[in-house]
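Enquirer:
Protein chains: 6
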Amino acid sequence: MQVLAVGAHPDDVELGCGATLLRHVARGDAVTILVMTAGQRGRVDGMSRQVEQEEAATQLGVDLRWGGFRDGSVPDGPEAITVIDEAVAATGAEILYTHAAHDTHQDHRATATASVAAARRLPTVLQFETPSTQNFEPTIYVDVAETLGAKLGALRSHLSQVLRQGPVDLEAVEAQARFRGSQGRIRYAEGFEAARLGWDLASPAAAMAPALAFATSG
Amino acid sequence: MQVLAVGAHPDDVELGCGATLLRHVARGDAVTILVMTAGQRGRVDGMSRQVEQEEAATQLGVDLRWGGFRDGSVPDGPEAITVIDEAVAATGAEILYTHAAHDTHQDHRATATASVAAARRLPTVLQFETPSTQNFEPTIYVDVAETLGAKLGALRSHLSQVLRQGPVDLEAVEAQARFRGSQGRIRYAEGFEAARLGWDLASPAAAMAPALAFATSG
Amino acid sequence: MQVLAVGAHPDDVELGCGATLLRHVARGDAVTILVMTAGQRGRVDGMSRQVEQEEAATQLGVDLRWGGFRDGSVPDGPEAITVIDEAVAATGAEILYTHAAHDTHQDHRATATASVAAARRLPTVLQFETPSTQNFEPTIYVDVAETLGAKLGALRSHLSQVLRQGPVDLEAVEAQARFRGSQGRIRYAEGFEAARLGWDLASPAAAMAPALAFATSG
Amino acid sequence: MQVLAVGAHPDDVELGCGATLLRHVARGDAVTILVMTAGQRGRVDGMSRQVEQEEAATQLGVDLRWGGFRDGSVPDGPEAITVIDEAVAATGAEILYTHAAHDTHQDHRATATASVAAARRLPTVLQFETPSTQNFEPTIYVDVAETLGAKLGALRSHLSQVLRQGPVDLEAVEAQARFRGSQGRIRYAEGFEAARLGWDLASPAAAMAPALAFATSG
Amino acid sequence: MQVLAVGAHPDDVELGCGATLLRHVARGDAVTILVMTAGQRGRVDGMSRQVEQEEAATQLGVDLRWGGFRDGSVPDGPEAITVIDEAVAATGAEILYTHAAHDTHQDHRATATASVAAARRLPTVLQFETPSTQNFEPTIYVDVAETLGAKLGALRSHLSQVLRQGPVDLEAVEAQARFRGSQGRIRYAEGFEAARLGWDLASPAAAMAPALAFATSG
Amino acid sequence: MQVLAVGAHPDDVELGCGATLLRHVARGDAVTILVMTAGQRGRVDGMSRQVEQEEAATQLGVDLRWGGFRDGSVPDGPEAITVIDEAVAATGAEILYTHAAHDTHQDHRATATASVAAARRLPTVLQFETPSTQNFEPTIYVDVAETLGAKLGALRSHLSQVLRQGPVDLEAVEAQARFRGSQGRIRYAEGFEAARLGWDLASPAAAMAPALAFATSG
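Chains as they are written, first to last, in the numbering used here: chain Z, 1 to 218; chain B, 1001 to 1218; chain A, 2001 to 2218; chain W, 3001 to 3218; chain V, 4001 to 4218; chain S, 5001 to 5218.
1. For A:E2146, which three-state DSSP category applies?
2. Comparing C-alpha positions only, which one of A:Q2106, A:G2184, A:T2082 sits nearest to A:R2272?
3. Runs of 4 residues minimum, wholly inside the stretch 5088-5165 of chain S: which ones carry the alpha helix (DSSP H) assignment?
4. Could you check which residue in W:L3197, W:A3145, W:V3031, W:H3105 has the C-alpha nearest to that of W:V3006?
5. Sorted by chain position, which residues of the same chain lie with C-beta nearer than 6 angstroms to Z:P123's C-beta, five sequence neighbours on each side aside?
6. Let's test the definition: count the other Cβ atoms within 10 Å of the Cβ of S:G5042 and tell me whether it reaches 16, buried, or not, exposed.
7. Considering W:L3022, what are the terminal residues of the alpha helix (DSSP H) in which it resides?
8. Looking at V:A4019: is its Cβ nearer than 9 angstroms to the Cβ of V:V4142?
9. Using the beta-carbon of each residue, which ones in chain W are nearer than 7 angstroms to B:T1104?
10. Short check: CB of W:V3044 to CB of W:L3163, under 9 angstroms?
11. Can S:Y4996 and S:Q5059 be called in contact, C-beta distance under 9 angstroms?
12. Taking just the CA atoms, how far does B:I1095 sit from W:A3189?
13. So which residues of chain A does W:H3024 contact, with C-beta pairs closer than 7 angstroms?
14. Out of W:L3034, W:D3011, W:R3027, W:P3010, which has the shortest C-alpha to C-alpha gap to W:A3114?
15. For B:V1013, which option in B:A1154, B:I1186, B:G1166 has the closest C-alpha, if you only look at C-alpha atoms?
16. Hey, quick one: how far does the alpha helix (DSSP H) through A:G2072 stretch, first residue to last?
17. Measure the C-alpha to C-alpha separation of A:E2086 and A:F2069 and round it to an integer number of angstroms.
18. Please identify the residue among B:D1029, B:I1186, B:A1202, B:G1181 whose C-alpha is closest to the C-alpha of B:G1092.
19. Using a Cβ-Cβ cut-off of 6 angstroms (strictly less than) and excluding sequence neighbours within five positions of B:P1210, which residues of its own chain qualify?
20. Given that B:G1072 touches chain W, what residues does it touch there, using C-beta distances under 9 angstroms?
21. Which whole-angstrom value is the C-beta distance of W:P3138 and W:G3191, which I expect to be below 8 angstroms?
22. Quick one: which chain W residues come within Cβ less than 7 angstroms of V:T4124?
23. For the putative contact between S:V5011 and S:H5158, defined by C-beta atoms under 8 angstroms, what is the C-beta separation to the nearest angstrom?
24. With DSSP run on the structure shown, which of helix, strand or coil describes V:V4003?
25. Can you name the residues that DSSP bridges to A:L2034?
26. Between which two residues does the beta strand (DSSP E) containing W:G3198 stretch?
27. Taking just the CA atoms, how far does Z:S182 sit from B:E1193?
28. Could you check what DSSP says for S:A5172 in three-state terms: helix, strand or coil?
29. Grab the span of the alpha helix (DSSP H) containing A:A2056 for me, first residue to last.
30. Are the beta-carbon atoms of W:E3129 and W:R3023 separated by less than 9 angstroms?
31. For a quick check, are the C-beta atoms of A:A2202 and W:R3027 less than 9 angstroms apart?
32. Check whether chain Z comes within 9 angstroms of B:A1205, counting only Cβ atoms and requiring the distance to be less than that.
33. Could you check whether the Cβ of Z:A5 sits closer than 9 angstroms to any Cβ belonging to chain B?
34. Could you check if B:A1150 is buried or exposed, using at least 16 other CB atoms within 10 Å of its CB as the buried criterion?
35. Express the C-alpha separation of B:E1079 and A:T2104 in angstroms, rounding to a whole number.
36. I want to see whether chain S comes within less than 9 angstroms of Z:S132, judged by CB atoms only; does it?
Structure follows, in structure tokens:
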């Protein structure tokens, strides 16, 4: 399956759905992340947030695309929609992850708005939380007990953000996973709001079909 | 996988999620429906709604349990929760379907309330609509193009309800599936609100594992 | 009574409230539609969406105004508000119809935002759904049993949109009317969210008064 | 037109929609109010709240029915629904007014729940606010500039409630009408939430038709 | 200031607002907790949940009242309201804490409903979350960095609930405080929804006045 | 304590929270208001709205800052956020008041959006209503019985707005305060929605501590 995750800045995708993307990777899905800006405004001491993001993508085992917009000024209209449209087309994505609709950061809101517009024909669009999200009421939970550690590792690649007093607090990230897990009746979870989720009740049988055919020919 | 669907009266489960249950049956899941009342108040000309429900369950290929409550007086407290608890335990259900929370029919509301309470430890609880549901905003869509016909067939077993001027209007049921389908970016769908959905990203791989092992040994 | 309906692109007004406008026309109200863009981005094979819209307006029996904005870039601020203000003033509208607030298409959202701002002094502002609307919870229902056929006819004027694989699916439009009808306790309906509805309890008596006076003097 | 308004206690209907009922009366509609309890718990110094309610009904020019339930214990299930069903049938009501769904007083909530259930086939169900209503977001406004005075007069019939320190504060009632009016873009209004409103776009023409016919034959 | 916290079962108040009550105690407020049932259904191996609750109340430094209702059957009507009314009157409470409105446990919902009804004249009513709460969107945050440890200590008094596999998971409680803290822009917080909060902008000056007078007379 | 109130146009802050700011002033807090535009579009007969605002600020006893944006075109992105950031930094504000999120006036919405973004680290952000606010559900109430008169006085400084037929209706402002008061269980109130409120339970004790120490040493 093809998966696309769209975030506003370096680290947003990892924060919101990093451990879930690692589950996709583990099951053999092809995952691409699209980062709308290079995060220039959050730069610290000349560290390159682009390099940090490239390193994190490598750790996650996902492809990386850049939106090329200016940090603080992500548009939510045709310019941004076109960029995401192209990423959907290039990857053949069936599932799209993006920011939640209610977020006090305007780049996050604009990214969410443009992504949902670009995903107009996709059956599954899930929206994740970041520290600036408001009124987030997740209903979809993904078990991340096995991938939370690697998510925290990928976040550490964003060194400029996790340094003392930086905006990313790994302890809070872990507490959040534990809290969302208790809501989802499991231990650690990432939670999502669904713009819509096409729930594929055929998958196990479908997945088995080719394998069985292969077995039969064995 | 074990699936439990809880409805207030004969025909409620078929109306709300009949075509989805047929998808579960088709992929080999074990499905049980629990009907809280025998629908005495909706009886027409001495037709037995229990017999109608039994026939519909046979058509769907699901097991049938009765809650034994009085039509119009389904409780939402410990008495009802215990009955549903027993059904969850007896079936080993991991997924529970029930009425939506906002519904003008009190038996529907009570069934929803007691079901969600009884499902306190289940990772997946989905809620369906009926004609008396209000403010329903589905986010989960199941493709029912292949099972809608059989759903309508099962509804026809509830003869007392689908006769001229009866409360179930098959034409409206089909229009609803078409409308929910267009919302879910497919042709025909049943839509659900999620109290919570534990989204199992491991399933395809897990399903394939034994098959591949078998193939390897072939 | 003067009625103004504001849509983003050719066909939006017909999709959202075409059958209701036909009810207004039938009762003698003067109806104007304002289309914010000429729908250039949705053009197919050189067909003119402007000509299509003019033909549809003629079929509906309504006046047509153009907003003159670029497809994909409808503003939601003073520029757009001024255009709608002028339409309100020129028509003397007391009732305004426009897009719902929650819609994944940005032109729809911008049109809704600007229309509600421009309607700041009107007692009645109703908002309609289109295929890209989200979280729509109608509370106002208009019986369209007698005008649904003519609505579908007007939509067929938008030939570029209803061709095979086009964005407008007439079958889905009819299913929606049937579904909204069942929610509104009638057969076919268009549903609306109300920003506000000034419910005129004086109208029948007021309408009859002059007639009766005339009769008496007859 | 036949109108039914259902309130939990003496004075609730007057508080919530008294001035609107006076508009109905003025246009020739037949109005009935159904009061579920006699308000025994709110009695002061042996004053009869039943007599007060009878006097208020006379002032309003409406018929009065009693539900016969115990103050503080209005049921929301079949017992209450049956009583309201009977009132709907006896009056032939097409429009039903009742309490809003969110109200901290349980008799109000139960009355709202049972009324909405009983109104399952009516096209128009409007819900009003009282001082214990929460999260009320009216979208329907009725102009009560001409009837607010008479509403306050009818409330004064409930002498036990408007005495100093009583629960009904006429000054607050008037402030509320002014505030709801400013929301509805008029001077004084009663505001309503709509469970659903069947908006009759045929009425003026229909109302005029017989009169014109009569005039023509004059 | 007088504070009343109402919970359904032993441990609910500690879970929901234990650390906040400790802040009240620390500033000299008189705090009473009212526990509606003795929690018989949650008993383990004959341990007395009443004794556990008494011990926890002692640790918190608060007074304890019992509602005397049966576990699983807390009423939400006049019987429960009367008990809470009496607690409000006896303590002179100006602030009331209780369960959130949306909770899958019916005793929690009933306690919330009855408490909000009983608090009809209080200016401040805050509602807390427990593990069975749904759709909780806190807006009021209390800094509990200094009292979280003592809250966990009080929860440990409920030995029957915190044993291995018990319903109270102290690790999850701490994670929740950390997560709510990050939402409230502090380190550790308890979050509340406000039915209403009368925000007293006079307090600092008022509080200082007598102290200064005393100082002057020193 | 340092308080910052941000409004779009001259008079918005007074309308929304003028009486509350007067409570802050009365208790010794330092209050600054930031007005994003000079309100050019609302000018009447050459009256200067800037002079009116300066006079109102003087009456309120607060400092005044100007945002310098064009009336009708307040941005909601980095340009506006920077201006508000500077005001937060310059005043050391711990509490920020601004417009509610749902408002039909785009300058109000933009001001709210930018203010909430700029307040990303503040523990308390409260949002007020104006006549164009929609769906406002206040939960925080401030008693303004003693300052409502002075608020109306400050509004009268905005002479161009309160003249006959002007947009500000002082009678409606007073009715609103009375209505919000009855919701908040007091006589006159301003109501607020809380983005978040850090409720400081330490203040009285903290305030008293130095005084007591001084007394002890007396």
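Cβ atoms here follow ideal geometry from the backbone N, Cα and C, with glycine treated the same way.
Expert: A quick look at the data gives this:
1. coil
2. The structure shown has nothing for residue 2272 of chain A, since chain A only spans 2001 to 2218.
3. Listed in chain order, the alpha helix (DSSP H) runs fully inside the stretch 5088-5165 of chain S are 5106-5118, 5148-5156, 5159-5162, counting runs of at least 4 residues.
4. W:V3031
5. Taken in chain order, the residues that qualify are G198.
6. buried
7. 3012-3026
8. yes
9. Here the neighbours are V3116, A3117, R3120.
10. yes
11. Outside the displayed span of chain S (5001 to 5218) sits residue 4996 of chain S, for which this structure offers no information.
12. Those two C-alpha atoms are separated by around 49 angstroms.
13. L2201
14. W:L3034
15. B:A1154
16. First-last for A:G2072: undefined, no H or E at that position.
17. 15 angstroms
18. B:D1029
19. Because the pLDDT at B:P1210 is just 40, under 50, the model does not fix this residue reliably, and the value given afterwards should be weighed accordingly. Here B:P1210 has no same chain residue with a Cβ atom under 6 angstroms from its own Cβ, once five neighbours each way along the sequence are excluded.
20. Simply G3077, P3078, I3081.
21. Correct: roughly 3 angstroms between the Cβ atoms.
22. Result: empty, since nearest Cβ-Cβ is about 14 angstroms, beyond 7 angstroms.
23. Looking at the sequence shown, residue 5011 of chain S is not Val but Asp. Sure, about 4 angstroms apart at Cβ, within 8 angstroms.
24. The answer is strand: DSSP assigns V:V4003 an E or B state.
25. A:V2006, A:R2065
26. 3189-3198
27. 20 angstroms
28. helix
29. A:A2056 -> alpha helix (DSSP H) spans 2049-2060.
30. no
31. yes
32. Reliability of the predicted coordinates at B:A1205 is poor, the pLDDT of 43 falling under 50, and the value obtained from them is presented with this limitation in mind. Yes, because at least one Cβ of chain Z sits closer than 9 angstroms to the Cβ of B:A1205.
33. no
34. B:A1150 is buried by the Cβ-count criterion.
35. 44 angstroms
36. yes
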